[in-house]
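Working notes, beginning with the structure itself.
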Amino acid sequence: MDKLKISAGSFAEKLKNGLAKTRKNFIDGVNHVFTFWKKVDEEFWEELEDIMLTSDIGVDTCEKIINDLRETAKKEHIIEPARLMDRLKENISAMLTKAPSSLAKNPDGPCVILVVGVNGTGKTTSIAKLANYLKNSGAKIMLAAADTFRAAAIDQLQVWANRLNIDIIKTREGGDPSAVCFDAAAAAKARGCDYLIVDTAGRLHSKNNLMEELKKITRVISREIPGAPHETLIVLDAGTGKNALLQAKTFSESSPVTGIVLAKLDGTAKGGIVITISDELGIPVKFIGFGEKLENWGEFNGAEFLEALFAKD
-4 MDKLKISAGS
6 FAEKLKNGLA
16 KTRKNFIDGV
26 NHVFTFWKKV
36 DEEFWEELED
46 IMLTSDIGVD
56 TCEKIINDLR
66 ETAKKEHIIE
76 PARLMDRLKE
86 NISAMLTKAP
96 SSLAKNPDGP
106 CVILVVGVNG
116 TGKTTSIAKL
126 ANYLKNSGAK
136 IMLAAADTFR
146 AAAIDQLQVW
156 ANRLNIDIIK
166 TREGGDPSAV
176 CFDAAAAAKA
186 RGCDYLIVDT
196 AGRLHSKNNL
206 MEELKKITRV
216 ISREIPGAPH
226 ETLIVLDAGT
236 GKNALLQAKT
246 FSESSPVTGI
256 VLAKLDGTAK
266 GGIVITISDE
276 LGIPVKFIGF
286 GEKLENWGEF
296 NGAEFLEALF
306 AKD
């Protein structure tokens, strides 16, 4: 299968548009403080910190950036704030590219992608977008409807499977999620699928029974397909800001999260959470999505994200 590709120009434009609210909240504020303040003093540092924190850049990440800028200013005897802008971009760039973001592959059979996340984050739509994206790259896809706690979840995934003409393995509402995964793993191998995408229950991340179910699913799948799941992607709603960070931390305790899907990026001014997630968790953001349309989706690229974040409207 060829390397996954997207139309860079079109997606770059969507990314720029999708970050419009974050750019207005964060970058406009940064530009203001770097040009309005005529000297690097304590008032300058306090204002810069406030702007980053209100954009949902976490406290630890913010402190790391500020400390580096302070050290740079001291070492290079910088008095004018504008001279620190490039260093700020370098800091953010290093955080966004800390971990590799490419999607795993399984040369010996189906690559199993476990998708987790709480209800309301855009999980089902994100699964559909991922399936469509991989299918358009030439891959053969199968879906597993292992969120059996909600009848709507099974029905919604079936609608997307029909629309995309993709096989789906499912059971009735209240059925055993692990049994669905067992059947799906066997079917994916038998039908020569490249990817098996497993939807899981999206109840609140504080529910211990859900976490135990995820562990059981992982055990069942790994017995059928060695090394599975090859990816565990958590879907996060960018608009929830710091709560998204908490969700990622909690889910990773029961099923090691290998990547993040950041959904609804166009509807929030809190896009700074991408920087915090990349820095504090060391978990790469692998895909980003905007709105409901299938094509509003693409692989995350730190350099592209930084360029779109600092782009001029």
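The numbering of the sequence shown is the numbering used here, which starts it at -4 and goes up by one. A virtual CB, placed ideally from N, CA and C, is assigned to each residue, including glycine. Since the structure is predicted, the reported quantities are computational estimates derived from the model, not experimental observations.
| task | For the beta strand (DSSP E) holding residue 162, just list the boundary residues, first then last. | result | From DSSP, the beta strand (DSSP E) with residue 162 extends over 162 to 164.
| message | According to DSSP, simplified to helix, strand and coil, what is residue 30? | response | Secondary structure of residue 30 (DSSP, three-state): helix.
| said: Can you look up residue 188 in the DSSP assignment and give me helix, strand or coil? | reply: Residue 188: coil per DSSP, three-state reduction.
| task | Could you check what DSSP says for residue -1 in three-state terms: helix, strand or coil? | result | Bear in mind that a pLDDT of 38 at residue -1, under 50, signals an unreliable position, so the number given afterwards is only what the model happens to contain. The three-state secondary structure of residue -1, taken from DSSP, is coil.
| Which value, in whole angstroms, describes the spacing of the CA atoms of residue 221 and residue 257? | As the crow flies, the alpha-carbon of residue 221 is around 28 Å from that of residue 257.
| Limits of the alpha helix (DSSP H) - the one that residue 22 falls within | Neither: residue 22 is in no alpha helix (DSSP H) and is coded neither H nor E.
| Which two residues bound the contiguous alpha helix (DSSP H) that contains residue 46? | Segment 37 to 49, the alpha helix (DSSP H) holding residue 46.
| message | My assumption, with CB atoms under 8 Å, is that residue 17 sits in contact with residue 267. Please give the rounded CB distance. | response | The beta-carbon distance between residue 17 and residue 267, rounded to whole angstroms, is 6 Å. This is short enough to meet the 8 Å contact definition.
| field | Outcome for residue 181 when other beta-carbon atoms lying within 10 angstroms are tallied against a minimum of 16 | value | Label assigned to residue 181: exposed.
| said: Assuming residue 294 is part of the beta strand (DSSP E), what are its boundary residues? | reply: Going by DSSP, residue 294 is part of the beta strand (DSSP E) stretching over 292 to 294.
| query | How about residue 118 and residue 197: are their beta carbons less than 9 Å apart? | reply | Yes, Cβ-Cβ distance for residue 118 and residue 197 is below 9 Å.
| request: Identify every run of the beta strand (DSSP E) within the region 218 to 259, keeping only runs that are complete inside it and at least 3 residues long; order them along the chain. | output: Taking only runs of at least 3 residues, the beta strand (DSSP E) segments lying wholly in the region 218 to 259 are 226 to 232, 254 to 258.
| query | Which ranges would you report for the beta strand (DSSP E) in the region 107 to 163 if only whole runs of at least 3 residues count? | reply | Contiguous beta strand (DSSP E) elements confined to the region 107 to 163 occur at 136 to 140, taking only those with 3 or more residues.
| message | Output needed for residue 295: all residues of its chain with C-beta closer than 7 Å, excluding positions within five of it in sequence on either side, in chain order. | response | Contacts found: 96, 280, 281, 282, 283.
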